[in-house]
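Trainee: What follows is a structure written as C-alpha cells; I'll ask about it next.
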Amino acid sequence: MMKLSSIISDGMVLQRNQLLTIWGETKPFEEVKVFFLEKLFRTTSNNKGEWSISIEPLEAGGPYVMEISGEEETIIIQDILIGDVWLLGGQSNMELPIRRTLDLFAKEMEAVHHPFIRQFSVPQNYNFHGPKKKLEGGNWISATDGNVMEFSAVGYFFAKELYETNGVPIGLIQTAVGGTPIEAWMSEETLREIGGYEGTLDKCKDDDYVAETKSKDEKRHHQWYKELNDDDLGLKSPCWYEESYESSGWKEFQVPNSWRDSELEHIRGSVWFRKEVEIPPTMVEGEAKLVLGTVVDADDTYINGQCIGTTGYKYPPRRYTIPKGLLRPGKNSITVRVISTHTTGGFMKGMPYKLVGSGQEIDLQGTWDYKIGAITETLESPTFFQYKPAGVFNAMIAPLKNYCLIGVLWYQGESNTHQPKGYHKLFERLVNDWRSNWKLGEIPFIYTQLANFAVDEGEESAVKWAELREEQRLSLRTSNTAMAVTIDIGEYNDLHPQDKKTLGQRLALCAKKLVYDKDIVYSGPLYRKMERIGKSIQLSFDHVGSGLVACNGKLKQFSICGANGEFVPATATIEGNTVMVKNNYIEEPYHVRYAWIDNPEGANLYNREGLPASPFTTENNE
Numbered sequence: 001m002m003k004l005s006s007i008i009s010d011g012m013v014l015q016r017n018q019l020l021t022i023w024g025e026t027k028p029f030e031e032v033k034v035f036f037l038e039k040l041f042r043t044t045s046n047n048k049g050e051w052s053i054s055i056e057p058l059e060a061g062g063p064y065v066m067e068i069s070g071e072e073e074t075i076i077i078q079d080i081l082i083g084d085v086w087l088l089g090g091q092s093n094m095e096l097p098i099r100r101t102l103d104l105f106a107k108e109m110e111a112v113h114h115p116f117i118r119q120f121s122v123p124q125n126y127n128f129h130g131p132k133k134k135l136e137g138g139n140w141i142s143a144t145d146g147n148v149m150e151f152s153a154v155g156y157f158f159a160k161e162l163y164e165t166n167g168v169p170i171g172l173i174q175t176a177v178g179g180t181p182i183e184a185w186m187s188e189e190t191l192r193e194i195g196g197y198e199g200t201l202d203k204c205k206d207d208d209y210v211a212e213t214k215s216k217d218e219k220r221h222h223q224w225y226k227e228l229n230d231d232d233l234g235l236k237s238p239c240w241y242e243e244s245y246e247s248s249g250w251k252e253f254q255v256p257n258s259w260r261d262s263e264l265e266h267i268r269g270s271v272w273f274r275k276e277v278e279i280p281p282t283m284v285e286g287e288a289k290l291v292l293g294t295v296v297d298a299d300d301t302y303i304n305g306q307c308i309g310t311t312g313y314k315y316p317p318r319r320y321t322i323p324k325g326l327l328r329p330g331k332n333s334i335t336v337r338v339i340s341t342h343t344t345g346g347f348m349k350g351m352p353y354k355l356v357g358s359g360q361e362i363d364l365q366g367t368w369d370y371k372i373g374a375i376t377e378t379l380e381s382p383t384f385f386q387y388k389p390a391g392v393f394n395a396m397i398a399p400l401k402n403y404c405l406i407g408v409l410w411y412q413g414e415s416n417t418h419q420p421k422g423y424h425k426l427f428e429r430l431v432n433d434w435r436s437n438w439k440l441g442e443i444p445f446i447y448t449q450l451a452n453f454a455v456d457e458g459e460e461s462a463v464k465w466a467e468l469r470e471e472q473r474l475s476l477r478t479s480n481t482a483m484a485v486t487i488d489i490g491e492y493n494d495l496h497p498q499d500k501k502t503l504g505q506r507l508a509l510c511a512k513k514l515v516y517d518k519d520i521v522y523s524g525p526l527y528r529k530m531e532r533i534g535k536s537i538q539l540s541f542d543h544v545g546s547g548l549v550a551c552n553g554k555l556k557q558f559s560i561c562g563a564n565g566e567f568v569p570a571t572a573t574i575e576g577n578t579v580m581v582k583n584n585y586i587e588e589p590y591h592v593r594y595a596w597i598d599n600p601e602g603a604n605l606y607n608r609e610g611l612p613a614s615p616f617t618t619e620n621n622e
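In full-length UniProt numbering, the protein residues as written are 1 to 622.
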C-alpha cells in the first residue's frame, strides 16, 4: 500500500543544508514513520492517503539508510548521499549521453569511478490534464564503469568539476527531452497568461484526439517503410548488400557529400552505396569499428553481407562495432543503404569516415558506387506530443516540487530558433514557473547559449541562431542567472557538438560564483554599452576579467551600420577594456554587431581568463 515517488529510492542524493521533504501515499489516516540518521519522524496520512514529513537541514555525507514504515509495510532505502542536487533541463544537447562523445573522451572514460556523482533520469513523458504529483519509473545510477556512459555528458563534466573542487556528493536530475521547445516546459497557467497557446492546450486535453493522431502516425510510418522495403530493388534477390554482389554498372559518388546538386537531390526513398577495401592481415586481429560520420536521414550498414548497424535518424554519429571475425585479410565490402525520408540525403561533410582496427585506420573518403533502390513520396513527420505546450512540465517538472535542489542547469533553444523574437521573455516566465514549483526563492538558473552551427550549408548568411543567442544574452536580465558561451566549442556540421567537457567546466565556473560564492571570473566579456566617437563606436563590456584579448590574430566577426541599417564588415581593435569599431566608408555609425551569424567562424574576442565574449548587437542596448 505504501507508494513513493520513484526518485525516492536507492542511491538517491538529498540536498544538504535545506529543509527536506519525504512524501508518499498509503491508506487514508495511516500513521507513517521515517527513521533516518538515528531520528524518528512521524505523521498521519490525510483522507486521500497522502503524507509528507520534513527533515531538518543536514550536512553533506553518506552513504546512509532510510526506513519508511506504515502499519503493514516497511520500505528500506539504501545508499543515500547528502550533497548538492542540480536539475538538468532542456533538450537533446543536455540529454546527450557520454557514449555519444567518445570521439573526444574515450580514453578519459575508460576508468571512471565517481560513486559520489549520481544521476536520476526522469522518465520521458507528457500529460495535458494538469501537474502530476508522483514520478513512476527511473532509478539512480553512479558515475562508475558501465553506468557512466548513460550520464548526461554536460551534467557529468559539470558535476566532476564541482566534486573535485568541493568534495561534496553531487546528484543530477535529468529532465531533458530532445527537440522540445521552451513552451513544453512551462505551466499551463503561465502559457494562458501569455496567450496564443489556448487552442493547442485545449486540443491536447482530448485523449481521443491524441490517441487517434498517434495511431495514424504509426500506421503511416509503418506503411511508408513497408512500401519502401517492398519496392526496394536492393532487397530483391540477389540483395545488393550480399558479399558476392557485383556493383559493376553503378554510378560514382564522392563521400562525404550532400545529394544537393546531384540527380539524388530530390530522391525520397533508398539509395545504396558500396565500396570495396583491402584490409591487411594485421588489422583483423583485434576489435574493429566502422566510422561513418553522420548520414541523412537513416541508414542500414553492412560489411561482407552482414548488417553491423542501423540508425533511424540523422543526428547520431555512426560508430558501428564490427563483430570479431567478420573482417578478413584482403578484399572486404562495405554497403550502406541510405534512407531519405523527408530531406535531401547525404553523408555529412567535415566528419570522419574510416575503418579502424588494431591501431590502424583506412580512410573511406573518396569514390563510392551508388544505385537507387526505391523512390517514394516524402514521409510526413509525426506529431510529437512531447513538444506541445505544458506537457512535459506537467509530467516531468511538477512531480519534483518536493525534491530539494541547489540550482538548475538549462540547455535549450535550438527548437525555438524558427521564431527567436521574445525568447528572453519566455525564459523569464519559465524561470518564474520553476522557482514557484520548488518554492525555494530565487533558485540559481545557469544556462548555455547556443553553440556555433551551420543550420544549412546553402545558407551561409543565416542568422536565426544568432538572433536566439541575442535573446539568451538578454535573458541575463532575469535575476540570479548566468550564461555559458559556446560559439567556440560547437561543430558547424553537428547539432550535437561533442565537447561537453569544456561546456561543463564553464557552467561549473558560473555555479562556483552564483552558488558557492567564489571570487572568480566566471563569464566571458558581455556587452554593456556603446558610445559614438567620431567615425567609430566604442564598446564597453562587463566581465573583462584581467583584460580583453584577441585570440589568433586581429579581431574578427564585427560589423557596423550607418543610418540606413545595412551592416557591413568592420575593423575592430582593443583599447584598454573597450573595443573600437569602425568602417572608413561610414561617416555616422549607428550600431555594431559581433558574431552575428549562425556559424560565427573565427569569432575571437575573449578575456585573458580564456572565456569567449557573447555575440551581441547594440540594437538592444537599454
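Where is the CB? At the ideal position from N, CA and C, for every residue including glycine.
1) For Glu538, write down the residues that DSSP places opposite it in a beta bridge.
2) Among Leu476, Pro63, Arg337 and Asn402, whose alpha-carbon lies nearest the alpha-carbon of Val431?
3) Please determine, among Glu575, Ile446 and Leu37, the residue with the shortest C-alpha to C-alpha distance to Tyr411.
4) Is the segment 136 to 146 close to the segment 25 to 41, with three or more CB pairs under 8 Å?
5) Is the Cβ-Cβ distance between Ser536 and Val581 less than 8 Å?
6) Do Gln15 and Cys404 come within 8 Å of each other at the CB atom, strictly closer than that value?
7) What is the DSSP secondary structure of Ser436, reduced to helix, strand or coil?
8) If distances are taken between C-alpha atoms only, which option among Leu468, Asn452 and Gln254 comes closest to Ile487?
9) Across which residues does DSSP place Ile375 in a beta bridge pair?
10) Use the C-beta contact count for Gly565: other C-beta atoms within 10 angstroms, 16 or more gives buried, fewer gives exposed.
11) What residue range is occupied by the uninterrupted alpha helix (DSSP H) comprising Gln254?
12) Using 8 Å as the threshold, is the C-beta distance between Ala176 and Gly83 below it?
13) I'd like the list of long-range same chain contacts for Met1, defined as Cβ closer than 7 Å, with 5 residues on each side in sequence excluded.
14) Identify, in the order they occur along the chain, each residue of the same chain with its Cβ nearer than 6 Å to the Cβ of His114, setting aside the five sequence neighbours on each side.
15) How far does the alpha helix (DSSP H) with Ala511 in it extend, from its first residue to its last?
16) How many angstroms separate the CA atom of Ile53 from the CA atom of Ala550?
17) DSSP has Ser52 in a bridge; who is on the other side?
18) With the cut-off set at 8 Å, would you say Leu20 and Ile77 are in Cβ contact?
19) Between the alpha carbons of Pro497 and Trp434, how many angstroms are there, rounded?
20) So, do the segment 422 to 431 and the segment 165 to 172 have three or more beta carbon pairs nearer to each other than 8 Å?
21) When burial is assigned at 16 or more other CB atoms within 10 Å of the CB, is Gly286 buried or exposed?
22) I want to know whether the segment 336 to 348 touches the segment 292 to 311 - three or more CB-CB distances under 8 Å.
23) Taking only runs of the beta strand (DSSP E) that begin and end inside the UniProt domain "Sialate O-acetylesterase" (84 to 190), which ones reach a length of at least 3 residues, in chain order?
24) Counting pairs of Cβ atoms below 8 Å between the segment 228 to 240 and the segment 260 to 279, do you hit three or more?
25) Can you give me the start and stop residues for the beta strand (DSSP E) that Lys354 sits inside?
26) Is it buried or exposed, Leu400, if we count other Cβ atoms within 10 angstroms and call 16 or more buried?
27) Say whether the segment 369 to 376 touches the segment 469 to 483, bearing in mind that this needs 3 or more beta-carbon pairs closer than 8 Å, one atom from each stretch.
28) Exposed or buried, which one is Ile533 when buried takes at least 16 other CB atoms within 10 Å?
29) Out of Tyr197, Asn147 and Asp297, which one is the CA nearest neighbour of Ser258?
30) Keeping to the same chain, check which residues put their C-beta closer than 7 Å to that of Glu227; ignore five residues upstream and five downstream.
31) To the nearest angstrom, how far is it from the Cα of Thr180 to the Cα of Asn416?
32) Under 8 Å by Cβ, that's how I've got Glu470 and Asn620 pegged, so tell me the actual separation to the nearest angstrom.
33) Do you know offhand how far Thr190's Cα is from Arg42's?
34) Since Gly504 and Phe157 should fall inside the 8 Å C-beta cutoff, what is the C-beta to C-beta distance between them, to a whole number of angstroms?
35) Classify Leu58 as helix, strand or coil using the three-state DSSP reduction.
36) Please tell me whether Gly413 and Gln472 are closer than 8 Å, where the distance is taken between their beta carbons.
Mentor: Judging by the given coordinates:
1) Per the sequence shown, the amino acid found at residue 538 is Gln instead of Glu. Gln538 pairs with Glu531 and Met580.
2) The shortest C-alpha separation from Val431 is found at Leu476.
3) Selected option, being the one with the closest Cα: Ile446.
4) Not touching, per the Cβ criterion.
5) Cβ distance < 8 Å, so Ser536 and Val581 count as in contact.
6) In this structure, Gln15 lies closer than 8 Å to Cys404 by Cβ.
7) Ser436: helix per DSSP, three-state reduction.
8) The shortest Cα separation from Ile487 among Leu468, Asn452 and Gln254 belongs to Asn452.
9) Answer is Gly269, bridged to Ile375.
10) Of the residues assessed, Gly565 falls on the exposed side of the cut-off, its CB having fewer than 16 other CB atoms within 10 angstroms.
11) Run containing Gln254: none in the alpha helix (DSSP H); it sits in the beta strand (DSSP E), Lys251 to Val255.
12) No. Outside cutoff.
13) Thr26, Lys27, Gly70, Glu72 and Glu73.
14) Correct list, in chain order: Ala143.
15) Per DSSP, the continuous alpha helix (DSSP H) segment holding Ala511 begins and ends at Lys500 to Leu514.
16) One C-alpha to the other measures close to 56 Å.
17) Ser52 pairs with Trp23.
18) Not a contact, by the Cβ cut-off of 8 Å.
19) If I take the Cα positions, the gap works out to 27 Å.
20) Contact annotation: the segment 422 to 431 does not touch the segment 165 to 172, with fewer than three C-beta pairs closer than 8 Å.
21) Exposed, because fewer than 16 other Cβ atoms sit within 10 Å of the Cβ of Gly286.
22) Contact between the segment 336 to 348 and the segment 292 to 311 is present, because at least three Cβ pairs lie under 8 Å.
23) Secondary structure within the UniProt domain "Sialate O-acetylesterase" (84 to 190): the beta strand (DSSP E) runs of 3 or more consecutive residues, fully enclosed, are 113 to 121, 140 to 144 and 170 to 174 (chain order).
24) Below 8 Å, enough C-beta pairs join the segment 228 to 240 and the segment 260 to 279 to call them touching: three or more.
25) Per DSSP, Lys354 belongs to the beta strand (DSSP E) from Tyr353 to Gly357.
26) Buried.
27) Because the criterion of three Cβ pairs below 8 Å is not met, the segment 369 to 376 and the segment 469 to 483 do not touch.
28) Counting other Cβ atoms within 10 Å of its Cβ, Ile533 stays below 16 and is therefore classed as exposed.
29) Comparing alpha carbon positions, the residue from Tyr197, Asn147 and Asp297 closest to Ser258 is Asp297.
30) If we look at Glu227 and ignore the five residues flanking it on each side, its Cβ neighbours are Thr376.
31) Using only the alpha carbons, I get a separation of about 9 Å.
32) Sure, about 6 Å apart at Cβ, within 8 Å.
33) So the two alpha carbons sit approximately 36 Å from each other.
34) About 3 Å separates the two Cβ atoms, so the contact holds.
35) Here Leu58 sits in coil by DSSP.
36) Contact flag set, yes.
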